[in-house]
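J.: Protein chains in written order, with our numbering: chain A, 1448 to 1805; chain B, 1448 to 1805. Beta carbons: idealized from backbone N, C-alpha and C, even for Gly. Pasting in a structure now, in structure tokens, and then I'll have a few things to ask.
There are 2 protein chains.
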Amino acid sequence: MEAKNKNTWENNIRRVTPYVPGEQPKNGSIVKLNTNENPYPPAPGVKIALNNIDADSLRLYPDASIGPLVEELSRFYEVDNDQVFVGVGSDDVLAMAFLTFFNSGKPILFPDITYSFYPVWCELYRIPYETQPLDKDFRIVKEHYYKDNGGIIIANPNAPTSIYEDTSDIEDIVSHNPNSIVIIDEAYIDFAKESALPLTSRYENLVIVQTFSKSRSMAGMRIGYAIGSKKLIKALNDVKYSFNSYTLNHTAIIAGVEGVKDKEYFNEKIQDIIELRKYSEKAFKRLGFTYPMSGANFLFVTHEFIPAKELYEVLRNNNIYVRYFDLPRINNYLRITIGTKQQMDRLFEFLETYINDR
Amino acid sequence: MEAKNKNTWENNIRRVTPYVPGEQPKNGSIVKLNTNENPYPPAPGVKIALNNIDADSLRLYPDASIGPLVEELSRFYEVDNDQVFVGVGSDDVLAMAFLTFFNSGKPILFPDITYSFYPVWCELYRIPYETQPLDKDFRIVKEHYYKDNGGIIIANPNAPTSIYEDTSDIEDIVSHNPNSIVIIDEAYIDFAKESALPLTSRYENLVIVQTFSKSRSMAGMRIGYAIGSKKLIKALNDVKYSFNSYTLNHTAIIAGVEGVKDKEYFNEKIQDIIELRKYSEKAFKRLGFTYPMSGANFLFVTHEFIPAKELYEVLRNNNIYVRYFDLPRINNYLRITIGTKQQMDRLFEFLETYINDR
């Protein structure tokens, strides 16, 4: 029986299953290898720019066109200004791209194991989707993407598997889909062989999304961007301006410019992380782990006899945070960020003792 | 006849009518009274905080819960931490509130003349809506909001009219709507008599949205917030976490805290602007303008014989930017921000000469 006089406003609330982001512990003694942050600070110019910022100018709205940062990115990637769209982290850019590009009514396609926000944005914007199974080695089966669809999104390197697919395979997928828009989410691409970005000059229906959160050490600034044909970028900007004109704040624009300018620092730190990844691979192997070849700043490891969940918990109890997904097919793997050498050594020392004493 | 081999990916793009934001000229000699920014800089602590920021920490994701700023706001407004939601400007907060609270399928209600993004967000999220006409003096007719509806949003003070409705009228609307969620968009409230915020302790279905862009002189930082019952704030946070975990960047959190802490500066600058508003009202009156009584940091003026559009254009040609909306009922009005005394005097001197020589 319904209670009388019960107010019904609560029925109007959208019910969701909140995503649980990787923990962000405040305790500095924790070895934090759980959210794929860069172990190095941003380029030195970022600090200088922020420490000299004209705070008085904050009274004014920021540049809605994000002009200086768009220009710096277009210089870096050797594309035109009107081929670059910037948003508040690549999550914002991707959500906007889903909203803008996946309006056919047909299902969009993406792998069964990939970034967990893709199905969330589909549900948010009521976009139908069909996941395509990765093969037993977690590789993308490109032929799965040759059928009729309403759009395609592929993370390359993929998360959380770390696997990089060759540009030639990406091109095969794009060239088989002249009637869809294809988004390649390259959050981790700077740690891999090469970006599919040059393909955008030949495929007007291809858009590449990247981020400042990984290779540019600026997760705290929330900057992401898309690069593609002028038509696609104009469409993104039109949608953005239609419902939120001022997105990036003034400090993000200024810091972002400095983060792109310093190519030498950028390349040096990426090389350092790739070296540490090689070092870490050897250490994991020695300890009885296997992993797919990584094109990212993390490794996706599984141990020959110790369950991933056990390792996750014991590491956590010892102040070493890694990521564990209790999901079909990947629930015996850990996603472990490449940190500093000190952090990795602390991890390996702990694992060695734990495995030997078990 | 359809062209053969024509690729159809362009059909999948969402088509929108982009909103045109107020111009943000870079020329410093322009008297910029077109986007309701505060003429004063942010509180001195904001500059100090930014100039001392630990740039190295930007490599880490920001605090997803925006903890320090939520705490500072809850202290300021004397509410609990879990009654405060923070977003990237009040546009972000309002868009999120539309998405979260207006899910009944019934039309939501708002005035015919109000903030132009309300119908845009309705279209974006497919929320039906019915606008309610303001009366001939641009006042809200509260009885219009006593009928069955799927939610209500009211800007108070309203934009672009500047008119403030008493809290008792707001309460009448809320109390007549126990089955809907009511959002009061108080972007300009600090320049008016009082906020409806205390009503949130008695009405669980009421949410107040405010911004750092006006009274706190931080439009460039993109910070907005909602205050309401724990149930409503939890629902907003759940939706936020479900599709974008990290929204406010680290600098906005730090600068925002300092922007709230300094109550003395905040109150002093608001008083200065209210004094300048009185001064400006007298000057406009002397020049043959009328306007509704303003509760905001702008005036909505119309001249006794010169068309608003003519004034808008002639002012613009003379480097004085004001806002003109070529829309039914308000196309003979100008929305003019209260700037510094120097800026207002330059405006009045120009107008005096122009009106006399015409």
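#1: Taking C-beta pairs closer than 7 Å, name the residues in chain A that B/A1666 reaches, listed in chain order.
#2: Using a C-beta to C-beta distance shorter than 9 Å, which residues of chain B count as neighbours of A/P1554?
#3: Just list the residues that DSSP pairs A/L1571 with in beta bridges.
#4: Give a yes or no on whether the minimum CB-CB distance between B/R1461 and chain D is below 7 Å.
#5: How would you call A/Q1789, buried or exposed, if buried means at least 16 neighbouring beta carbons within 10 angstroms?
#6: Compare the beta carbon distance of B/A1502 and A/V1707 with 7 Å and say whether it is the shorter of the two.
#7: So, at 7 Å on beta carbons, what are the nonlocal neighbours of A/A1450 in its own chain, with the 5 sequence-adjacent residues on each side left out?
#8: Which residues in the same chain have their Cβ closer than 6 Å to the Cβ of A/E1616, if we skip the five residues on either side of it in sequence?
#9: Nearest CA to the CA of A/K1479: which residue from A/I1785, A/P1491 and A/D1538?
#10: Give a yes or no on whether the C-beta atoms belonging to A/I1631 and A/A1643 are separated by under 7 Å.
#11: Name the chain A residues that come within less than 8 Å of B/L1480, Cβ to Cβ?
#12: Identify the continuous beta strand (DSSP E) that holds B/H1750 and give its terminal residues.
#13: Would you say A/E1484 reaches chain B, if we count a Cβ-Cβ gap shorter than 7 Å as a contact?
#14: May I ask you to list, following chain order, the residues of the region 1509-1524 of chain A that have a beta carbon less than 8 Å from some beta carbon of chain B?
#15: Answer yes or no: do A/N1744 and A/K1661 have a C-beta to C-beta separation smaller than 7 Å?
#16: Cutting at 8 Å between CB atoms, please list the residues of its own chain near A/P1739, excluding the five before and the five after it.
#17: Could you check the C-alpha separation between A/H1623 and A/K1594 for me, to the nearest Å?
#18: With a cut-off of 8 Å on the beta carbons, I'd call B/S1689 and A/V1567 a contact; round off their distance for me.
#19: Does B/H1697 get closer than 7 Å to chain A when you measure Cβ to Cβ?
#20: Going along the chain, which residues of the region 1769-1781 of chain A sit with their C-beta nearer than 7 Å to a C-beta in chain B?
#21: Measure the C-alpha to C-alpha separation of B/M1448 and A/I1599 and round it to an integer number of angstroms.
#22: Is the CB of A/K1732 under 7 Å away from at least one CB in chain B?
#23: Considering just the uninterrupted stretch of the alpha helix (DSSP H) at A/Y1688, what are its terminal residues?
#24: For A/T1800, report the span of its beta strand (DSSP E) as first-last.
#25: Could you tell me which chain A residues have their CB closer than 9 Å to the CB of B/G1597, listed as they occur along the chain?
#26: For B/F1690, decide whether its Cβ has a neighbour in chain A, counting only Cβ atoms nearer than 7 Å.
#27: So, does the CB of A/V1567 fall closer than 7 Å to a CB anywhere in chain B?
#28: Give, in chain order, every unbroken run of the beta strand (DSSP E) that is at least 3 residues long and sits entirely within the region 1622-1660 of chain A.
#29: Listed from N- to C-terminal order along the chain, which residues in the region 1672-1686 of chain A have their beta-carbon within a distance smaller than 9 Å of any beta-carbon of chain B?
#30: Return the bridge partner residues of B/F1523 from the DSSP annotation.
#31: Contact between the region 1497-1517 of chain B and the region 1481-1498 of chain A: three or more CB pairs below 8 Å?
#32: Does chain B have any CB closer than 7 Å to the CB of A/A1450?
#33: Determine, for A/I1636, whether the minimum Cβ-Cβ distance to residues of chain B falls below 7 Å.
#34: Hey, B/L1420 and B/P1558: beta-carbon distance below 7 Å or not?
#35: Quick check on DSSP: helix, strand or coil for B/A1699?
T.: So, to answer that:
#1: R1506, L1507 and Y1508
#2: Near A/P1554 there are no residues of chain B at all, since even the closest Cβ is about 12 Å away, more than 9 Å.
#3: According to DSSP, A/L1571 bridges with nothing at all.
#4: No chain D is present in this structure, whose protein chains are A and B.
#5: exposed
#6: With contacts defined as CB atoms closer than 7 Å, B/A1502 and A/V1707 fail to qualify as a contacting pair.
#7: Residue confidence is low: A/A1450 scores 45 on pLDDT, short of 50, so the model does not pin down where it sits. Its coordinate-derived value is still stated next. There are no such residues.
#8: At residue 1616 of chain A the sequence reads Asp, which differs from the Glu that was named. Here the set comprises K1589.
#9: A/I1785
#10: yes
#11: Those within 8 Å of B/L1480 in chain A number zero; the least Cβ separation is about 12 Å.
#12: F1745 to H1750
#13: yes
#14: P1509, D1510 and A1511
#15: yes
#16: For A/P1739, where only same-chain residues beyond five positions count, the Cβ hits under 8 Å are D1584, F1585, T1608, S1609, I1610 and F1747.
#17: 8 Å
#18: Contact between B/S1689 and A/V1567 holds: their C-beta atoms lie close to 6 Å from each other, under 8 Å.
#19: yes
#20: none
#21: With a pLDDT of only 40 at B/M1448, under the threshold of 50, the placement of this residue in the model should not be trusted; the figure read from the coordinates follows. So the two alpha carbons sit approximately 29 Å from each other.
#22: no
#23: A/Y1688 -> alpha helix (DSSP H) spans K1677 to F1690.
#24: Counting along the chain, A/T1800 falls outside any beta strand (DSSP E), though it belongs to the alpha helix (DSSP H) covering K1788 to D1804.
#25: N1459
#26: yes
#27: yes
#28: Here the runs fully enclosed are 1629-1632 and 1653-1658.
#29: K1678, L1679, A1682, N1684, D1685 and V1686
#30: Paired residue(s): none; B/F1523 is not in a bridge.
#31: yes
#32: With a pLDDT of 45 at A/A1450, under the threshold of 50, the modelled position of this residue cannot be trusted, and the question is left open.
#33: no
#34: For chain B, the structure presents residues 1448 to 1805; residue 1420 of chain B sits outside this window and is missing.
#35: helix
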